[in-house]
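**Q** Before I ask anything, here is the structure I am working with.
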Amino acid sequence: PEEAHLMSSALAFSEKRASMIMTRLDHTFCIEVGSKLSFEALLRCYKSGFTRIPVYRKDPSCVVGLLFAKDLILVDPDDEIPVGAMLSFCGRSLHVVRHDTTIDKLLAAAQTQHSHLFFVVEGGPDAPASVAKWPPPISNVIGIVTLEDVLEELIAAE
Ligand code: ATP
Ligand code: ATP
15 PEEAHLMSSA LAFSEKRASM IMTRLDHTFC IEVGSKLSFE ALLRCYKSGF
65 TRIPVYRKDP SCVVGLLFAK DLILVDPDDE IPVGAMLSFC GRSLHVVRHD
115 TTIDKLLAAA QTQHSHLFFV VEGGPDAPAS VAKWPPPISN VIGIVTLEDV
165 LEELIAAE
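Under my numbering, read the sequence shown as residues 15 to 172, first letter to last.
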């Protein structure tokens, strides 16, 4: 029956975890905090097509900020501004989830924290989700998960 089907798909949905649906770090477009926003760098950001661009220090697993592509419209390529300088006036808050967070909890966190993107960490905080303000870096990042990834699972589960 219809109800039984819906219940079993909801169950399957709640068993999936952040690490199973995330975009892995090696497939994530991100930029180094010390790099300069040259014309080429800005072009790469633009061409990536992504709205949210994680900022890391030295290693992509160490996230220190998040930039929105739209924040870059004010940047003059000739100034070659370091990414870190941009973070200081338009960095966004960072939202974190553990790799084993079930995606029903992830969906709830996205709603309560008004966030579309979460950094998925190996180990990390005990709470299912937490908010960190820049500058404290988030270490042990293994990927990112967005609301889009969660909604895709919800639809696929039907
Ligand atoms: P929006 O739809 O809000 O403009 P977007 O198109 O940049 O954002 P999402 O729709 O949130 O991105 O996600 C689409 C897919 O792209 C998801 O699988 C997500 O994990 C992935 N994604 C989002 N940002 C990045 C990024 N910076 N690098 C690689 N993949 C990303
Ligand atoms: P996303 O598109 O990833 O949801 P965002 O721009 O909506 O990002 P952030 O800039 O990452 O939000 O800000 C994070 C937190 O700041 C959110 O939890 C939200 O509650 C709060 N926030 C964002 N914009 C405003 C605002 N204009 N007024 C009050 N609080 C805000």
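Positions of the beta carbon are idealized from the N, C-alpha and C atoms, including for glycine.
Predicted model only: the values in this text are computed from it and were never measured.
First and last residue of the beta strand (DSSP E) that includes Arg66?
**A** Stepping through the sequence shown from its first residue, residue 66 is reached at position 52. Its beta strand (DSSP E) spans residues 66-71.
**Q** Out of curiosity, what's the CA-to-CA distance linking Lys147 and Val78?
**A** Locating residue 147 in the sequence shown gives position 133, where the first residue counts as 1. Locating residue 78 in the sequence shown gives position 64, where the first residue counts as 1. Interpretation of Lys147 is limited by its pLDDT of 48, a score under 50 that renders its predicted location unreliable; no figure is taken from the coordinates.
**Q** Where DSSP assigns a beta bridge to Cys133, which residues make up the other side?
**A** Position 119 of the sequence shown, counted from the start, is the residue given in the question as residue 133. Checking the sequence, you will find Phe at residue 133 rather than Cys. Paired residue(s): Val110, Ile158.
**Q** Could you give the DSSP three-state label for Phe82: helix, strand or coil?
**A** Counted from its first residue, the sequence shown places residue 82 at position 68. Note: Phe82 maps to strand in three-state DSSP.
**Q** Under the three-state reduction of DSSP, which class applies to Ala141: helix, strand or coil?
**A** Looking up residue 141 in the sequence shown gives position 127. With a pLDDT of 46 at Ala141, under the threshold of 50, the modelled position of this residue cannot be trusted; read the value that follows with caution. Three-state result, Ala141: coil.
**Q** So, are the CB atoms of Val47 and Gly98 less than 7 Å apart?
**A** The sequence position of residue 47 within the sequence shown is 33, counting from 1. The sequence position of residue 98 within the sequence shown is 84, counting from 1. Yes.
**Q** Closer than 6 Å: is that where the CB of Glu162 sits relative to any heavy atom of ligand 1?
**A** Translated into positions along the sequence shown, residue 162 becomes position 148. Indeed, a heavy atom of ligand 1 lies less than 6 Å from the Cβ.
**Q** At which residue ranges does the stretch 26-50 contain complete alpha helix (DSSP H) runs of 4 or more residues, listed in the order of the chain?
**A** Segments of the alpha helix (DSSP H) lying fully in the stretch 26-50: 32-35.
**Q** Do Pro68 and Leu80 have their CB atoms nearer than 7 Å?
**A** Translated into the one-based positions of the sequence shown, residue 68 becomes position 54. Translated into the one-based positions of the sequence shown, residue 80 becomes position 66. Yes.
**Q** Just checking Phe64 against ligand 1 - is the residue's beta carbon closer than 6 Å to any of the ligand's heavy atoms?
**A** Taking the sequence shown and counting its residues from 1, one reaches residue 64 at position 50. Yes, Cβ of Phe64 sits closer than 6 Å to a heavy atom of ligand 1.
**Q** Under 6 Å: does the beta carbon of Phe43 sit that close to some heavy atom of ligand 1?
**A** By one-based count along the sequence shown, residue 43 stands at place 29. Correct: Phe43 has its Cβ closer than 6 Å to ligand 1.
**Q** Give me the DSSP bridge partner(s) of Ile152.
**A** Translated into the one-based positions of the sequence shown, residue 152 becomes position 138. Val77, per the DSSP bridge assignment.
**Q** With a threshold of 8 Å, are at least 3 pairs of Cβ atoms found where one atom belongs to the stretch 98-113 and the other to the stretch 121-141?
**A** In short, these stretches touch, since the Cβ pair count reaches three.
**Q** Considering only C-alpha positions, which residue in the set Ser33, Phe27, His41 is nearest to Val134?
**A** What you label residue 134 is simply residue 120 of the sequence shown in a count that begins at 1. Per the Cα distances, Ser33.
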